[in-house]
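J.:
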Amino acid sequence: MSAPRHTSAVKEKVRVRTRFQGEASTSSTLALQLVECGVDHREKEVGVTATDTDRPAAAGTPAARVHKRTTSWYAAFWRWHFYGSIIVIPVLFVLSISGMTYLFRAQVDAFTHPGILTVSEPEGAERVALSEQEAAVRGEYPDRPILSVVDNTGDRSTVFVTQLEDGSSANVYVDPYTATVTGELTADQLLSDWAERVHGDLLIGEDGVGDRIVELGASWAIVLTITGFIIFFLGRRPRRAALKKGVRGSKIRKMHAIAGLPVGLGILMLVVSGLPWTGVWGSFAQQVAAGSGLSLWGADPGAESTLGDLIEDTNGSSAPAGWAIGNGPLAESTGGGTSISVDDAVDLAREAGAPEPYSVIYPDSETGVFSVMGSQWNNNGNPAESDVAQERTIHVDQYSGQIAGEYGYDDYSATAKVVSQGIALHEGRRFGPVNMILTTLFCFAVIFLCVSGPIMWWTRRASASGLAAPRAALPVWGNWILLIAMIALGVFLPVFGLSLILVLALDQLLVRRVPRLKRFFGTV
Numbered sequence: 017m018s019a020p021r022h023t024s025a026v027k028e029k030v031r032v033r034t035r036f037q038g039e040a041s042t043s044s045t046l047a048l049q050l051v052e053c054g055v056d057h058r059e060k061e062v063g064v065t066a067t068d069t070d071r072p073a074a075a076g077t078p079a080a081r082v083h084k085r086t087t088s089w090y091a092a093f094w095r096w097h098f099y100g101s102i103i104v105i106p107v108l109f110v111l112s113i114s115g116m117t118y119l120f121r122a123q124v125d126a127f128t129h130p131g132i133l134t135v136s137e138p139e140g141a142e143r144v145a146l147s148e149q150e151a152a153v154r155g156e157y158p159d160r161p162i163l164s165v166v167d168n169t170g171d172r173s174t175v176f177v178t179q180l181e182d183g184s185s186a187n188v189y190v191d192p193y194t195a196t197v198t199g200e201l202t203a204d205q206l207l208s209d210w211a212e213r214v215h216g217d218l219l220i221g222e223d224g225v226g227d228r229i230v231e232l233g234a235s236w237a238i239v240l241t242i243t244g245f246i247i248f249f250l251g252r253r254p255r256r257a258a259l260k261k262g263v264r265g266s267k268i269r270k271m272h273a274i275a276g277l278p279v280g281l282g283i284l285m286l287v288v289s290g291l292p293w294t295g296v297w298g299s300f301a302q303q304v305a306a307g308s309g310l311s312l313w314g315a316d317p318g319a320e321s322t323l324g325d326l327i328e329d330t331n332g333s334s335a336p337a338g339w340a341i342g343n344g345p346l347a348e349s350t351g352g353g354t355s356i357s358v359d360d361a362v363d364l365a366r367e368a369g370a371p372e373p374y375s376v377i378y379p380d381s382e383t384g385v386f387s388v389m390g391s392q393w394n395n396n397g398n399p400a401e402s403d404v405a406q407e408r409t410i411h412v413d414q415y416s417g418q419i420a421g422e423y424g425y426d427d428y429s430a431t432a433k434v435v436s437q438g439i440a441l442h443e444g445r446r447f448g449p450v451n452m453i454l455t456t457l458f459c460f461a462v463i464f465l466c467v468s469g470p471i472m473w474w475t476r477r478a479s480a481s482g483l484a485a486p487r488a489a490l491p492v493w494g495n496w497i498l499l500i501a502m503i504a505l506g507v508f509l510p511v512f513g514l515s516l517i518l519v520l521a522l523d524q525l526l527v528r529r530v531p532r533l534k535r536f537f538g539t540v
């Protein structure tokens, strides 16, 4: 009986030794995989740090003491960054391309419509009076009312916005040196207008759906940036280890991290400066500003109605009116008789010190006025495009030729001034050509991040199933700082807050209850 017992004991020792060696091999393989994923190799489970329960108890000692598992902050924030990118990447990619197209709208539109938007500039020649150019338009299109005119500089044509029979508008371009019509285009024929609409609502304008998608992506971009900053600093050692080992994809991961640090700051600036245009955040912010005495407009002597709707009806594009200037009140003409010319209105604005070249809205009724605007919005070389403090609107009585009201940057509230400066930065105009160059580089960098992110995921995913998302849970309910931060962010960004509630509800009510979904999303 002793021999069989001895043989059985030997076999058991062999099995234990074999299993121990297999576990050691598996542990080494897992450590390498975690380094490849950017997680510290000391963490044996993605999402929890190693504890004494992960190690065998020493000989002759009691069983290993059980410790509470602690969160792997790197993996937890990485998981948020990963899922946030699914929402953000498509939106930021489209916004970067459309924004860059709109940034170079003067060059793009002139290239796609040669001989219409630009003309030959004779040496030493001066632009003829607007009234003479107006006469050329009326001669070519006698049945069309003129809604507005945008004067320009250099080789840029003057743009007269005319009304068509169906109520829409068409832009008529005039050579300012010869007062001859060079052609006409509708907004739909301008690539810049398409870019502006894509940038605003992704061409899904029905019921504000596109605007909400853009706002959702922009709101989550803030979360993506914050989590990106966190994992940048928490993941420095894993990135170095992966790069040193020559792990596949480690170089592009390093480039993504290095580019993301400065670009993230730019994303925060551009998102915050762009939120005033969104349907939910922008409308809410405007109501709060007005209700707290921080109204986006100031007193405009002689004004009885607002200018924004009139601008949008007469500017010949799909672009909305500017926040501050568009909310400025509108004056009225008094009396009657013969209307003054557009030249008279422009001369009066010039004497009042408004910067030129101007955009001029023609009187829309017997009580309407000439609204002469020196603003940042028309891309016509006005100094206010880079220095918004020069922005000014002069309302001229169409009969008396007197100033019926004026409204400028000094009349804006503090809120309106901040928004106006932010928009100039957002559109790459605040610091002139330097701002345009930096904005262009920024757009290319964002595109790189949008492309390199999926490449890194595909490289890391290999043959894994599901989304191969980082497996970790952010202990929001157990950490007051995180909880307060999430609530504050949800209140500040209501679209983000609502989407977060929806995501958490789906996670608790559906994903965690269906094993297949739980595996697919990597839920822990």
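Just so we're on the same page, our numbering is the position in the sequence shown counted from 1, plus 16. A virtual CB, placed ideally from N, CA and C, is assigned to each residue, including glycine.
Counting only the same chain and skipping the five closest in sequence on each side, list residues whose C-beta sits under 7 Å from that of histidine 215.
T.: Non-local C-beta neighbours of histidine 215 in its own chain, meaning closer than 7 Å and more than five positions away in sequence, comprise Leu111, Ser114, Gly115 and Tyr118, ordered along the chain.
J.: Should phenylalanine 386 go down as buried or exposed, given a rule of 16 or more other Cβ atoms within 10 Å for buried?
T.: buried
J.: Measuring straight from C-alpha to C-alpha, what distance separates glycine 384 and glutamate 407?
T.: 22 Å
J.: Only counting the same chain, and skipping five residues up and downstream in sequence, which positions put a Cβ closer than 6 Å to that of valine 104?
T.: Correct list, in chain order: Gly233, Trp236, Ala237 and Leu240.
J.: Which same chain residues, not among the five before or five after serine 333, have their C-beta less than 6 Å away from its C-beta?
T.: Ala203 and Asp209
J.: Taking the alpha-carbon of tryptophan 293 as reference, which of Val435, Trp474 and Glu142 has the nearest alpha-carbon?
T.: Val435
J.: For glutamate 156, which of Thr178, Glu401 and Asp167 has the nearest alpha-carbon?
T.: Residue Thr178 holds the alpha-carbon nearest to the alpha-carbon of glutamate 156 among Thr178, Glu401 and Asp167.
J.: By alpha-carbon positions, which one of Asn398, Ala92, Cys466 and Leu441 ends up nearest to valine 107?
T.: Cys466
J.: For glutamine 179, which beta-bridge partners are listed by DSSP?
T.: Ser185, per the DSSP bridge assignment.
J.: Out of Arg445, Ala485, Leu259 and Gly280, which has the shortest C-alpha to C-alpha gap to proline 399?
T.: Arg445
J.: Excluding sequence positions up to five away, which residues of its chain have a Cβ less than 7 Å from the Cβ of alanine 275?
T.: Ala461, Phe464 and Leu465
J.: Per DSSP, which residues does glutamate 401 bridge with? Please list them.
T.: DSSP, once it has assigned bridges, lists no residue as partnering glutamate 401.
J.: Give the range of the alpha helix (DSSP H) segment to which phenylalanine 127 is assigned.
T.: Counting along the chain, the alpha helix (DSSP H) containing phenylalanine 127 begins and ends at 121 to 128.
J.: Distance check for serine 402 and leucine 291, CA to CA, integer angstroms please.
T.: Straight through space, the alpha carbons of serine 402 and leucine 291 are spaced by roughly 20 Å.
J.: Based on DSSP bridge pairs, tell me the residues matched to glycine 199.
T.: Tyr189
J.: Which whole-angstrom value describes the C-beta separation of serine 266 and leucine 259, a residue pair presumed to lie in contact below a C-beta threshold of 8 Å?
T.: 5 Å
J.: Applying the criterion that 16 or more other CB atoms from any shown protein chain within 10 Å of the CB defines a buried residue, is serine 481 buried or exposed?
T.: exposed
J.: Are glutamine 207 and threonine 134 touching if we call contact CB-CB under 9 Å?
T.: Correcting the residue identity first, residue 207 is leucine in this sequence and not glutamine. No. Outside cutoff.
J.: Rounding to the nearest angstrom, what Cα-Cα distance links phenylalanine 536 and serine 88 in this structure?
T.: 21 Å
J.: According to DSSP, is serine 429 helix, strand or coil?
T.: The three-state reading of DSSP puts serine 429 in coil, since its state is none of H, G, I, E or B.
J.: Check whether the segment 479 to 498 touches the segment 134 to 146, counting contact only when three or more Cβ pairs, one atom from each stretch, lie closer than 8 Å.
T.: no
J.: Just reading off the beta strand (DSSP E) that threonine 409 is part of, what are its end residues?
T.: 408 to 413
J.: Determine the burial state of arginine 255: buried for a count of at least 16 other Cβ atoms within 10 Å of its Cβ, exposed for fewer.
T.: Buried is the call here.
J.: Pick out whichever of Gly538, Asp329 and Phe93 has its Cα sitting closest to the Cα of phenylalanine 245.
T.: Phe93
J.: For the beta strand (DSSP E) containing isoleucine 377, list its first residue and its last residue.
T.: 375 to 377
J.: Check serine 44 in the structure and name its three-state DSSP category.
T.: With a pLDDT of only 38 at serine 44, under 50, the local geometry of the prediction cannot be trusted, and the value read off the model is given with reservation. If DSSP states are grouped into helix, strand and coil, serine 44 belongs with the helices.
J.: Compute the Euclidean distance between the alpha carbons of glycine 448 and alanine 405, then round it to the nearest angstrom.
T.: 14 Å
J.: Alpha carbon to alpha carbon, how far is aspartate 182 from leucine 281?
T.: 46 Å
J.: Going by Cα to Cα distance, which pick from Glu222, Arg121, Ser101 and Met472 is closest to asparagine 395?
T.: Arg121
J.: Taking a contact to mean a Cβ-Cβ separation below 9 Å, would you say isoleucine 327 touches histidine 97 in this structure?
T.: no
J.: Tell me the DSSP secondary structure of glutamate 372 in three-state form.
T.: coil
J.: Phenylalanine 464 lies in the beta strand (DSSP E); which residues open and close that run?
T.: Segment 449 to 477 is the alpha helix (DSSP H) holding phenylalanine 464; no beta strand (DSSP E) there.
J.: By the 10 Å Cβ neighbour count, where 16 or more other Cβ atoms means buried, how is valine 450 classified, buried or exposed?
T.: exposed
J.: Residues bridged to methionine 389 by DSSP?
T.: Ser375 and Thr409
J.: Inspect the CB distances between the segment 410 to 418 and the segment 348 to 364 and report whether three or more fall short of 8 Å.
T.: yes
J.: Apart from the five residues on each side of it in sequence, which residues of its chain come closer than 8 Å, Cβ to Cβ, to glycine 359?
T.: Checking the sequence, you will find aspartate at residue 359 rather than glycine. Excluding sequence neighbours, aspartate 359 sits near Ala145, Leu146 and Ser147.
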